[in-house]
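Chain order of the listed sequences is A and B.
Anchor point for the first sequence: position 31 equals 31 in our numbering, and the numbering is continuous, going up by one each time.
Anchor point for the second sequence: position 166 equals 411 in our numbering, and the numbering is continuous, going up by one each time.
There are 2 protein chains.
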Amino acid sequence: MKMSSTSRRLLLFSNSSMAGEEYLQFASSLINQFKDGWGMSKALFIPYALRTHEDYTEKVKKAFHPFGIEIEGIHKAEDPVAAVRSAKAIFVGGGNTFQLLKGLYDHKLIDPIRKSVLQEGVPYVGWSAGSNVATASICTTNDMPIVHPPSFHALALVPFNINPHFVDADPNSTHMGETREQRIEQYHEIEGMPPVLALREGSFLEVHDDSAFLRGRSGAKLFRTGKPVEAFEPEANLSFLLESS
Amino acid sequence: MKMSSTSRRLLLFSNSSMAGEEYLQFASSLINQFKDGWGMSKALFIPYALRTHEDYTEKVKKAFHPFGIEIEGIHKAEDPVAAVRSAKAIFVGGGNTFQLLKGLYDHKLIDPIRKSVLQEGVPYVGWSAGSNVATASICTTNDMPIVHPPSFHALALVPFNINPHFVDADPNSTHMGETREQRIEQYHEIEGMPPVLALREGSFLEVHDDSAFLRGRSGAKLFRTGKPVEAFEPEANLSFLLESS
Ligand SMILES: [Ca+2]
Ligand SMILES: [Ca+2]
Numbered sequence: 001m002k003m004s005s006t007s008r009r010l011l012l013f014s015n016s017s018m019a020g021e022e023y024l025q026f027a028s029s030l031i032n033q034f035k036d037g038w039g040m041s042k043a044l045f046i047p048y049a050l051r052t053h054e055d056y057t058e059k060v061k062k063a064f065h066p067f068g069i070e071i072e073g074i075h076k077a078e079d080p081v082a083a084v085r086s087a088k089a090i091f092v093g094g095g096n097t098f099q100l101l102k103g104l105y106d107h108k109l110i111d112p113i114r115k116s117v118l119q120e121g122v123p124y125v126g127w128s129a130g131s132n133v134a135t136a137s138i139c140t141t142n143d144m145p146i147v148h149p150p151s152f153h154a155l156a157l158v159p160f161n162i163n164p165h166f167v168d169a170d171p172n173s174t175h176m177g178e179t180r181e182q183r184i185e186q187y188h189e190i191e192g193m194p195p196v197l198a199l200r201e202g203s204f205l206e207v208h209d210d211s212a213f214l215r216g217r218s219g220a221k222l223f224r225t226g227k228p229v230e231a232f233e234p235e236a237n238l239s240f241l242l243e244s245s
Numbered sequence: 246m247k248m249s250s251t252s253r254r255l256l257l258f259s260n261s262s263m264a265g266e267e268y269l270q271f272a273s274s275l276i277n278q279f280k281d282g283w284g285m286s287k288a289l290f291i292p293y294a295l296r297t298h299e300d301y302t303e304k305v306k307k308a309f310h311p312f313g314i315e316i317e318g319i320h321k322a323e324d325p326v327a328a329v330r331s332a333k334a335i336f337v338g339g340g341n342t343f344q345l346l347k348g349l350y351d352h353k354l355i356d357p358i359r360k361s362v363l364q365e366g367v368p369y370v371g372w373s374a375g376s377n378v379a380t381a382s383i384c385t386t387n388d389m390p391i392v393h394p395p396s397f398h399a400l401a402l403v404p405f406n407i408n409p410h411f412v413d414a415d416p417n418s419t420h421m422g423e424t425r426e427q428r429i430e431q432y433h434e435i436e437g438m439p440p441v442l443a444l445r446e447g448s449f450l451e452v453h454d455d456s457a458f459l460r461g462r463s464g465a466k467l468f469r470t471g472k473p474v475e476a477f478e479p480e481a482n483l484s485f486l487l488e489s490s
């Protein structure tokens with residue numbers, strides 16, 4: 001039973017850039033389509049997924065400049081919690097998911113971001129690792145665990161998990177490491193684990209309050225315990241995923 | 246400066262099976278070549294990397310049966326620490342590295358295994374996740390973080406890391422997720438991280454006291470901070486990796 005509707009505006013991208021394009025070219029023009037409606041002329045950028053915060057922020061600034069979206073890096077803020085509290089939009093970039101989540105815990109940003117996004121309706125835009133941390137947990141990241149966050153629980157802006165950069169298994173492969181699908185199935189052998197939305201590159205999820213739609217060009221697969229895998233095409237209505245179990 | 250030699254007999258496999266073969270067929274026949282010299286007619290098997298301990302142990306038992314190597318699953322032992330202490334050889338199987346390492350911590354087996362292997366000279370054989378946990382840390386696993394171990398520090402039977410199932414980047418790929426090589430390089434952006442030996446499928450490392458040799462059919466790459474990546478062919482002497490920094 002749905003108790004009350006949640007104020008929420010999220011764009012969660014599988015990836016930021018397509019092969020042969022400038023960094024963020026793919027995602028930035030799509031994000032720009034929401035700029036006026038969602039009031040995103042200025043955004044706080046969280047670069048913790050990479051270690052070169054200044055360089056990373058400059059790259060992102062450059063990508064959004066043509067659209068008139070102003071980017072401010074949180075690493076420059078004296079008080080990162082205050083920066084989140086006053087942000088008009090929050091953009092969270094990809095890189096290493098463990099590093100990103102540890103950064104959010106280290107700077108005590110989990111609760112402030114949740115509050116801004118879920119209570120104040122501040123738009124959240126994430127790509128790759130930035131989408132992983134928006135979900136229930138980072139348990140379905142593809143990244144290497146290069147640092148140890150205190151928990152894998154994440155921002156839980158949605159009650160499911162995302163697997164970004166999803167790739168379907170190659171039937172001709174002789175590689176013996178697990179396929180992406182097998183890795184997600186191993187996760188679901190653990191009781192009580194949430195659904196996993198596997199976003200192919202070129203896909204993103206648009207969440208507005210209690211509605212969620214699959215956008216982009218490449219579709220997604222949905223993994224749920226005890227159910228067959230489902231395939232979804234672009235524009236599919238995935239709002240049912242927002243009903244918490 | 247090397248202070249004293251370490252007693253140590255390890256076989257660390259990238260993977261257990263090659264495409265189209267029975268489970269463990271590839272590794273078991275190679276492990277058998279060490280059976281008499283290393284006294285491995287009976288081994289304690291640690292199945293924690295998968296959740297189906299009994300099924301997993303049965304599969305491993307079956308694979309080693311033709312060679313007269315008797316397998317006992319640690320999950321049947323009333324006291325897992327005592328089982329490690331009395332083991333004549335320790336075999337650690339692949340699956341999910343996080344689940345495996347958490348199992349070792351939960352059952353308080355880190356120190357007992359280290360003691361058996363490094364002080365009593367008990368042979369240790371690992372494949373895939375079982376090789377990851379033998380090293381300094383699991384920070385270079387390919388697996389998904391489906392459970393949260395209290396630390397990523399592992400058994401440290403060797404002072405470096407392994408990346409199993411290593412795959413070279415495909416120059417024709419349009420996938421935008423990080424290549425394996427890029428993931429390892431991100432790890433090495435963190436100061437003080439140990440070398441990473443990237444074992445292609447079909448490779449394994451033989452460690453005897455202070456000697457280490459690359460074995461198998463497919464070679465390896467070595468990643469070290471501040472040094473160019475090095476390629477090694479089968480039979481290469483990698484003993485220099487055992488000198489702790
Ligand atoms: Ca990444
Ligand atoms: Ca594995």
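Note that the Cβ used here is the ideal one computed from N, Cα and C, for glycine as well.
The structure presented is a predicted model; accordingly, all values stated were derived computationally and were not measured.
Of all residues in the region 467-490 of chain B, none has a C-beta nearer than 7 Å to a C-beta of chain A.
Annotation: Cβ neighbours of S396 (chain B) in chain A (cutoff 8 Å, chain order): H148.
Scanning its chain for C-beta atoms nearer than 8 Å, with the 5 sequence neighbours on each side dropped, one finds around W38 (chain A) the residues R9, A89 and P123, in chain order.
In this structure, the C-beta of S259 (chain B) stays at least 6 Å away from each heavy atom of ligand 2. From the listed residues B:D281, B:Y293, B:L402 and B:P292, the smallest Cα separation to F312 (chain B) is found for B:D281. Rounded to the nearest whole angstrom, the CA to CA distance from V60 (chain A) to I71 (chain A) is 7 Å. Between ligand 1 and S128 (chain A), a heavy atom-to-CB distance of less than 6 Å is present. Within the DSSP secondary-structure output, E317 (chain B) pairs in a beta bridge with B:L289. For the region 92-103 of chain A, residues whose beta-carbon sits nearer than 7 Å to a beta-carbon of chain B comprise N96. By the C-beta density criterion, E120 (chain A) is exposed, having fewer than 16 other C-beta atoms within 10 angstroms.
In this structure D454 (chain B) touches S252 (chain B) by the C-beta definition: roughly 6 Å separates them, less than 8 Å. Between the region 443-463 of chain B and the region 476-486 of chain B, the count of Cβ pairs shorter than 8 Å is three or higher; the stretches touch.
Against chain A, a Cβ distance below 9 Å from T386 (chain B) picks out M144 and P145. Cα atoms of Y268 (chain B) and T385 (chain B): separation of roughly 24 Å, rounded to the nearest angstrom.
Within the region 95-135 of chain A, the complete alpha helix (DSSP H) segments of 4 residues or longer fall at 97-106, 110-119 and 129-132, listed in chain order.
The beta carbon of Q186 (chain A) sits closer than 7 Å to some beta carbon of chain B.
Within its own chain, the residues whose Cβ lies closer than 6 Å to the Cβ of I291 (chain B), once the five positions on either side in sequence are excluded, are I319 and V337, listed in chain order.
Scanning chain A for C-beta atoms nearer than 9 Å to the C-beta of V305 (chain B) yields nothing, as the closest lies near 16 Å away. Per DSSP, L295 (chain B) lies in no beta strand (DSSP E) and is assigned neither H nor E. It is roughly 24 Å from the alpha-carbon of K472 (chain B) to the alpha-carbon of V452 (chain B). Not one heavy atom of ligand 1 lies closer than 6 Å to the C-beta of D388 (chain B). When DSSP assignments are scanned along the region 430-476 of chain B, the uninterrupted stretches of beta strand (DSSP E) that are 3 or more residues long and fall wholly within it turn out to be 441-445, 448-453, 456-461 and 465-468. At least one CB of chain A lies nearer than 7 Å to the CB of T419 (chain B). Distances from the CA of G177 (chain A) to each of B:H420, B:M421 and B:R425 were compared; the closest alpha carbon is that of B:R425.
Taking 7 Å as the threshold, the shortest C-beta distance from A264 (chain B) to chain A falls below it.
DSSP places R180 (chain A) within a helical segment (H, G or I) once states are collapsed to three.
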